[in-house]
Amino acid sequence: MRHLAVAVFALFLAGTLAFPSLGAPLFAGGDHVSEHVSLAPADSPHGDYAYMRDGDLVVDLTASNPDVSGAGINPNAVTRFDRVFLIRHNGSEYADVWVTDDSPDVTFYARGHAIQSVGENVTLAPNGTVAVGFTVDTRDGATDGLIQDLTVHARVGGPSPSDGGDKGGNGGEGTSAPPTVQSTAGDDGTLDYAVNDAAVGESVTLDGSPLTVAQDGQGETVTLDGIDVNAQRSSFDLSVSRRDNSLRVGGRGVDELGAFGVDVADGATDGGRFQFSVSQAYLERADVSRDRFVVYHGADDDWRALETTVAGSRDGRVRFVAETDGFSPFVVGARVPAFAVSNASLATQSVPANESASVRATVRNEGAARGTESVALRVDGATVATRSVSLARDTMTTVTFTLNATPGEHRVAVGNTSAGTLSVGAVPSGTIAGTSESETTTTTSGTSTESTRTREAVAEPAAIEWRALSGLLGALVLVAGLLAAWRRWR
356 MRHLAVAVFA LFLAGTLAFP SLGAPLFAGG DHVSEHVSLA PADSPHGDYA YMRDGDLVVD
416 LTASNPDVSG AGINPNAVTR FDRVFLIRHN GSEYADVWVT DDSPDVTFYA RGHAIQSVGE
476 NVTLAPNGTV AVGFTVDTRD GATDGLIQDL TVHARVGGPS PSDGGDKGGN GGEGTSAPPT
536 VQSTAGDDGT LDYAVNDAAV GESVTLDGSP LTVAQDGQGE TVTLDGIDVN AQRSSFDLSV
596 SRRDNSLRVG GRGVDELGAF GVDVADGATD GGRFQFSVSQ AYLERADVSR DRFVVYHGAD
656 DDWRALETTV AGSRDGRVRF VAETDGFSPF VVGARVPAFA VSNASLATQS VPANESASVR
716 ATVRNEGAAR GTESVALRVD GATVATRSVS LARDTMTTVT FTLNATPGEH RVAVGNTSAG
776 TLSVGAVPSG TIAGTSESET TTTTSGTSTE STRTREAVAE PAAIEWRALS GLLGALVLVA
836 GLLAAWRRWR
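Every letter in the sequence shown is one number past the one before it in the numbering used here, and letter 389, counting from 1, is 744.
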């Protein structure tokens, strides 16, 4: 048996729809339309336009709505409001529902199509729910009194989807209809998805327009091409948007390339999988190898690297897949090495002239990738020796320098880490110049040792022995006098 339940709504405020209650609601916060059909605000960004007041569902598009920002309906434009309120069928049979109104400027839709006649209805399975949105066309100049009469129709006892009914059920047990996914791309690049008829526990693929996450100066891009979402509700909204580059993973070892956010109601999903692609030219210009590409998930005031794998290459773009157990802000980056020097020290604080001093330091790669770093020995701010150190991520080594310094007090450092002050004794009398020698020894994991040795001239002033010089001058004067006497004798 088929029967029809009808609810008539009235517009009581410009830009505001009030849906009067016809009885006790069937679920919390609901507005009862018939014995088995009721209304409630949608859990979505546009659901804030709807709220309950005195048992009625109110859709308020005016600036007086405290839950939304803006000045109301846009003049001379077509304004779309996705997933504003829900229609729920709580009966044991299928139900066809649709909405009619007396305004050519307002169109109600659900599951991607208009639902404004018996031939344009949407079928709800037992315990099924559908989200309803609408468009408002004010290009003819009308902004007030758009609707005088609005009716929600519910025809209970309609055919099931398997009997040839419309579009498939929602949320009921036993339905195998594929989910309905409606995507909308905003002018700012935001992607909004409306998912209906999803099977709880199954994956839903969201593959609208690619979202540009990062772009270099030559126009090469990193894009988010799709999301596979693990559905935990039969209907939900999900929004993806690019974030500014102020998001930082923190710590060391990551070059942030770009960021994006995923907004979805709590409990609607249970994680999923991202599909990215990066142009090969982008990787080459950024000097990033494909194995260093990584996605970070921000949650609980921390950042965690997701399992990110290469899925292949096509059309000059490298494809990546990243698994996530939740949605929130994300940062796309490249793993990089990050070297740190610590525990720099001198074996002794003073040495006699022309003797060496040993300098040791710990070098650690705190980054997220293997790398090579040039470690410098500095004396009084000047580099006197360097050593190339290669380390895998999260490993360390000890570097040893052997230094012969000039007499005096010298500030010694390895990199920017101070090793202390070295005091070198005076050079013995008569020394003209000496040689500074430094040796760098690097030992990794205690198994291999490599050394390099450099020699540098040490600039020292020559010491002048005046007593010896006066004796030499006296001898020259004596020789000159004897030579003059011999010439006169001849």
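Note that beta-carbon positions come from the ideal geometry of N, C-alpha and C, so glycine has one too.
Short check: CB of residue i to CB of residue j, under 8 Å?
{"i": "THR718", "j": "THR752", "result": "The sequence shown places Val at residue 718, rather than the Thr named in the question. Contact: yes."}
{"i": "VAL307", "j": "VAL730", "result": "Since the first residue of the chain shown is 356 and the last is 845, residue 307 is not available in this structure."}
{"i": "ARG674", "j": "ALA666", "result": "yes"}
{"i": "VAL649", "j": "ALA660", "result": "yes"}
{"i": "ARG628", "j": "VAL676", "result": "yes"}
{"i": "TYR449", "j": "ALA405", "result": "no"}
{"i": "ASP562", "j": "GLY544", "result": "no"}
{"i": "GLU721", "j": "ALA702", "result": "no"}
{"i": "LEU412", "j": "LEU394", "result": "yes"}
{"i": "GLY775", "j": "SER711", "result": "no"}
{"i": "THR608", "j": "ALA716", "result": "In the sequence on display, residue 608 carries Gly and not Thr. No, the Cβ-Cβ distance between GLY608 and ALA716 is not below 8 Å."}
{"i": "TYR651", "j": "GLU575", "result": "no"}
{"i": "THR757", "j": "SER713", "result": "yes"}
{"i": "VAL414", "j": "VAL452", "result": "no"}
Apply the 10 Å Cβ neighbour rule to residue i and answer buried if 16 or more other Cβ atoms are within range, or exposed otherwise.
{"i": "GLU728", "result": "buried"}
{"i": "GLY770", "result": "buried"}
{"i": "GLY541", "result": "exposed"}
{"i": "PRO421", "result": "exposed"}
{"i": "VAL473", "result": "exposed"}
{"i": "VAL433", "result": "exposed"}
{"i": "ALA747", "result": "exposed"}
{"i": "THR663", "result": "buried"}
{"i": "THR624", "result": "buried"}
{"i": "GLN630", "result": "buried"}
{"i": "ASN759", "result": "buried"}
{"i": "ALA569", "result": "buried"}
{"i": "THR755", "result": "buried"}
{"i": "ASP456", "result": "buried"}
{"i": "ARG742", "result": "buried"}
{"i": "GLU639", "result": "exposed"}
{"i": "ASN431", "result": "exposed"}
{"i": "SER590", "result": "buried"}
Counting only the same chain and skipping the five closest in sequence on each side, list residues whose C-beta sits under 7 Å from that of residue i.
{"i": "GLY402", "result": "PRO396, ARG438, VAL439"}
{"i": "GLY626", "result": "ASN585, THR679, ASP680, GLY681"}
{"i": "GLU557", "result": "ALA586"}
{"i": "ALA737", "result": "none"}
{"i": "SER447", "result": "PRO481"}
Would you list the residues sitting across from residue i in a DSSP beta bridge?
{"i": "GLU448", "result": "Paired residue(s): none; GLU448 is not in a bridge."}
{"i": "LEU674", "result": "Checking the sequence shown, residue 674 turns out to be Arg, not Leu. Answer is SER632, GLY667, bridged to ARG674."}
{"i": "VAL536", "result": "VAL550"}
{"i": "PHE694", "result": "ASN720"}
{"i": "ASP583", "result": "THR560, ARG628"}
{"i": "LEU732", "result": "ALA740, VAL769"}
{"i": "GLU611", "result": "GLY688"}
{"i": "SER745", "result": "THR727"}
{"i": "GLU475", "result": "SER472"}
{"i": "ARG597", "result": "PHE615"}
{"i": "HIS652", "result": "ARG659, PHE685"}
{"i": "ASP592", "result": "ALA549"}
{"i": "GLY622", "result": "Answer is none; GLY622 lacks a bridge partner."}
By Cβ distance below 6 Å, which residues in the same chain neighbour residue i in space, the five residues on each side in sequence not counted?
{"i": "ALA812", "result": "Residue confidence is low: ALA812 scores 37 on pLDDT, short of 50, so the model does not pin down where it sits. No coordinate-derived value is stated."}
{"i": "SER399", "result": "ARG438, ASP592"}
{"i": "ALA554", "result": "none"}
{"i": "THR578", "result": "PRO565, THR567, SER632"}
{"i": "ASP610", "result": "GLY688, ALA689, VAL691"}
{"i": "SER800", "result": "In this prediction, SER800 scores a pLDDT of 38, lower than 50, which makes its location untrustworthy; no coordinate-derived value is stated."}
{"i": "ASP621", "result": "none"}
Near residue i, what residues of its chain come up, given a Cβ to Cβ distance below 8 Å and the 5 sequence neighbours on each side ignored?
{"i": "ARG466", "result": "VAL477, VAL485, LYS522, THR535, GLN537, ASN551, ASP552"}
{"i": "GLN635", "result": "SER668, GLY671, ARG672, VAL673"}
{"i": "LEU850", "result": "Residue coverage of the chain in this structure runs from 356 to 845, which leaves residue 850 outside it and unanswerable."}
State the DSSP-derived secondary structure class of residue i, mapped to helix, strand or coil.
{"i": "VAL766", "result": "The sequence given here has Arg at residue 766, not Val. DSSP places ARG766 in strand when its eight states are reduced to three."}
{"i": "GLU639", "result": "helix"}
{"i": "GLY402", "result": "helix"}
{"i": "ASP460", "result": "coil"}
{"i": "ASP415", "result": "strand"}
{"i": "ARG408", "result": "strand"}
{"i": "ASP422", "result": "coil"}
{"i": "ARG443", "result": "strand"}
{"i": "VAL510", "result": "The displayed chain sequence assigns Arg, not Val, to residue 510. If DSSP states are grouped into helix, strand and coil, ARG510 belongs with the strands."}
{"i": "ARG494", "result": "coil"}
{"i": "ARG645", "result": "helix"}
{"i": "ASP437", "result": "strand"}
{"i": "ALA781", "result": "coil"}
{"i": "PRO565", "result": "coil"}
Check the Cβ-Cβ distances between residue i and every residue of chain B, and say whether any is below 8 Å.
{"i": "ALA747", "result": "Included in the structure is just one protein chain, with no chain B present."}
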